[in-house]
Amino acid sequence: MNKIKVLLVEDHTMVRLGLSLVFENREDMELTAAAEDGKKGVELALSLNPDVVLMDIGLPELDGIQATAMIKKTNPDIKVLIFTSRESDDDVFDSLAAGADGYIMKGANEEQMIAAIKAVSEGTAWLDPAIARLVLSSVKKQNSSSGTEIYNTNETPNTAGKNDYGLTGREIEVLALIVEGLNNAQIAKRLVITLATAKAHVHSILQKLYVTNRTQATIQAVKEGLV
């Protein structure tokens with residue numbers, strides 16, 4: 718089994734030490750390196766090519782949002798999981814706009830942290846429950862003020878007049894499952910299609926929505942009332 722390679726970008730020494738101990742006891746992932754500022758984090762990410770970068774926001778030299786944007790612009794295959802104590806609207810949306818694949822709070826326990834790293838490494842969007850509530854609340858407020866209806870993802874979506882992205886009926890189904898948090902294998906199983914077909918649908922959806930990852934696709938889907 719190949720280990721998930723993790724790069725930690727965190728300026729607090731005790732946090733770095735604590736997480737290094739967590740990874741030492743894992744057989745499925747390893748901490749390949751750690752950086753204490755954003756600039757060094759970008760350099761290590763682009764030279765070491767880790768599977769996942771665990772990225773703080775409040776960093777010296779270069780903040781985590783800027784570092785995320787630089788990493789994703791140069792190598793979009795590297796997954797970035799924001800790991801921070803900040804939960805303001807601006808920090809969350811700026812991080813996702815920069816290309817972050819997930820957002821987890823520093824108050825999360827070890828089990829949640831491991832689950833988040835595994836999820837983003839597999840291409841599944843991960844939002845801390847507190848952040849997910851914030852995102853959906855903000856989107857609902859925006860759409861409420863603009864008169865846009867938000868659909869429950871458990872209901873059959875009525876996309877008439879809303880699907881301006883050229884999504885097919887099948888792609889709408891796949892998008893709804895992305896919003897539910899399913900990965901490609903789970904989507905394939907749910908829709909009784911091959912994994913390759915599921916991947917192709919996801920790739921097409923990201924292109925049509927003009928987004929780079931599943932987290933952004935989820936936000937776009939809810940914001941536009943596509944699911």
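Using the numbering used here, you'd call the opening residue of the sequence shown number 718 and step up by one each time.
Idealized CB from N, CA, C, for every residue including glycine.
This structure is a prediction, so every number in the text was calculated from the model and none was measured.
Check for me: the alpha helix (DSSP H) holding residue i runs from which residue to which?
i	result
residue 897	886-897
residue 953	The shown model of the chain, from 718 to 944, leaves out residue 953, and the question about it has no answer.
residue 914	912-925
residue 928	Neither: residue 928 is in no alpha helix (DSSP H) and is coded neither H nor E.
residue 741	730-741
Compare the beta carbon distance of residue i and residue j with 8 Å and say whether it is the shorter of the two.
i	j	result
residue 796	residue 759	no
residue 950	residue 726	One cannot answer for residue 950 here, as it falls past the ends of the chain, which runs 718 to 944.
residue 785	residue 825	no
residue 883	residue 835	no
residue 904	residue 931	no
residue 912	residue 943	no
So the candidates are the options; which of them puts its Cα closest to the Cα of residue i?
i	options	result
residue 745	844, 891, 719, 935	719
residue 752	766, 733, 743, 930	733
residue 827	738, 903, 840	738
residue 935	790, 842, 807	842
residue 814	937, 883, 944, 912	937
residue 909	924, 923, 890	890
residue 763	790, 887, 922	790
residue 917	844, 885, 941	885
residue 831	907, 923, 731, 736	736
Could you give the C-beta distance for residue i and residue j, rounded to a whole number, given that I count them as a contact under 8 Å?
i	j	result
residue 780	residue 755	6 Å
residue 809	residue 848	6 Å
residue 821	residue 788	At roughly 17 Å, the Cβ-Cβ gap does not stay under 8 Å, so residue 821 and residue 788 are not in contact.
residue 919	residue 901	6 Å
residue 802	residue 823	5 Å
residue 921	residue 897	Incorrect: roughly 18 Å between the Cβ atoms, too far for contact.
residue 749	residue 767	6 Å
In the DSSP assignment, find the beta strand (DSSP E) that holds residue i and state where it starts and stops.
i	result
residue 841	Taken as a continuous stretch (DSSP letters only), residue 841 belongs to no beta strand (DSSP E), as it is neither H nor E.
residue 882	Per DSSP, residue 882 belongs to no beta strand (DSSP E) and is neither H nor E.
residue 825	Note, residue 825: premise wrong, no beta strand (DSSP E); not H, not E.
residue 723	721-726
residue 747	746-752
Taking 7 Å as the cut-off, is the CB of residue i close to at least one heavy atom of the ligand MN?
i	result
residue 728	The ligand MN is absent from the structure shown, which contains no ligands of any kind.
Worksheet item: Curious, which full-length beta strand (DSSP E) runs of at least 3 residues does the region 759-814 contain?
Response: 769-772, 796-801
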